[in-house]
Amino acid sequence: MSLFKRILPITLFFVCVLTLSTLAGQADDKKQRAGNEPGKVAQSKKKSRSNRKARSISASLGKDLYKQYQCYDCHSIGGKGCENGFRLDNEGSKRTKAFIKEHLVDPDKHFDKHPDAFGTDLNLMPPQDLESWEIDSLVEYLYSLK
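Position 32 of the sequence shown, counting from 1, maps to 52 under the working numbering, and the rest follow consecutively.
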């Protein structure tokens, strides 16, 4: 048997392995890029939370965070956002800052503590992975809605 006939199967095997490895790596890259595109799966539609830097607390920043985290997918303000979601109009005249903050920190626990405060028997708001300055800014924004 010639040397070529002995080396050919081994060479083809390595070419196949390298090709499959390359294709698998490209698929992973596409998944990672897709996760950073706006409008994708719940957690990935937001900026990487590990890169967030603390900023001054303000209603203006809270409004920006409301948009950045696409809260309007489940809520509405002034008729903009989810029509069937919980309306946040006049939230500041209905709730205290402490009430709003407690709900942002742990929606399930807060809902269980105040079951009659939401006009529904089911909490649909998932827990949020927010920094304290983000919560405080969102509280300022929601409280400013009077």
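Backbone N, C-alpha and C fix where the C-beta goes; we use that ideal spot for every residue, glycine too.
All values reported here derive from a predicted model rather than from experimental measurement.
Met145 versus Phe131, Ser152, Glu154, Glu151, residue with shortest Cα-Cα distance
Out of Phe131, Ser152, Glu154, Glu151, Phe131 has the C-alpha closest to the C-alpha of Met145.
For Arg26, count the other beta carbons within 10 Å of its own beta carbon; 16 or more makes it buried, fewer makes it exposed. Which is it?
Exposed: under 16 other Cβ atoms inside 10 Å.
Could you please give the first and the last residue of the uninterrupted beta strand (DSSP E) stretch that includes Ser96?
Unbroken beta strand (DSSP E) run through Ser96: 95-97.
Other residues of its chain near Asp93: CB distance less than 7 Å, five sequence neighbours each side excluded:
Listed in chain order, the non-local C-beta contacts of Asp93 below 7 Å within the same chain comprise Cys102, local neighbours out to five positions each way being set aside.
Less than 8 Å between the C-beta atoms of Leu150 and Leu108, yes or no?
Cβ distance not < 8 Å, so Leu150 and Leu108 don't count as in contact.
In terms of alpha-carbon separation, which member of Arg75, Tyr89, Leu142, Tyr86 lies closest to Asp128?
Sorting Arg75, Tyr89, Leu142, Tyr86 by C-alpha distance to the C-alpha of Asp128 places Leu142 at the top.
For Lys114, the residue or residues it bridges with in DSSP
Lys114 is not bridged to any residue.
Classification of His134 by the beta-carbon crowding that lies within 10 angstroms, buried from 16 upward
With fewer than 16 other Cβ atoms within 10 Å, it is exposed.
Bridge-paired residues (DSSP) for Gly101
Ser96, per the DSSP bridge assignment.
Cut-off 8 Å between Cβ atoms - residues of its own chain near Ala79, not counting five sequence neighbours on either side:
The beta carbon of Ala79 is closer than 8 Å to those of Ser157, Glu160, Tyr161, Tyr163, Ser164 in its chain, skipping five residues each way along the sequence.
Buried or exposed by the 16-neighbour rule on C-beta atoms within 10 Å, applied to Gly112:
The residue in question, Gly112, is buried, as its Cβ has 16 or more Cβ neighbours within 10 Å.
In the DSSP assignment, find the alpha helix (DSSP H) that holds Ser78 and state where it starts and stops.
Premise fails: Ser78 is in no alpha helix (DSSP H) and is neither H nor E.
Please classify Gly82: is it buried, with 16 or more other beta-carbons within 10 angstroms of its beta-carbon, or exposed?
With a threshold of 16 other beta carbon atoms within 10 Å, Gly82 meets it and is buried.
Taking only beta-carbon positions, decide if Arg115 is within less than 8 Å of chain B.
Among the chains in the structure shown there is no chain B, since it carries only a single protein chain.
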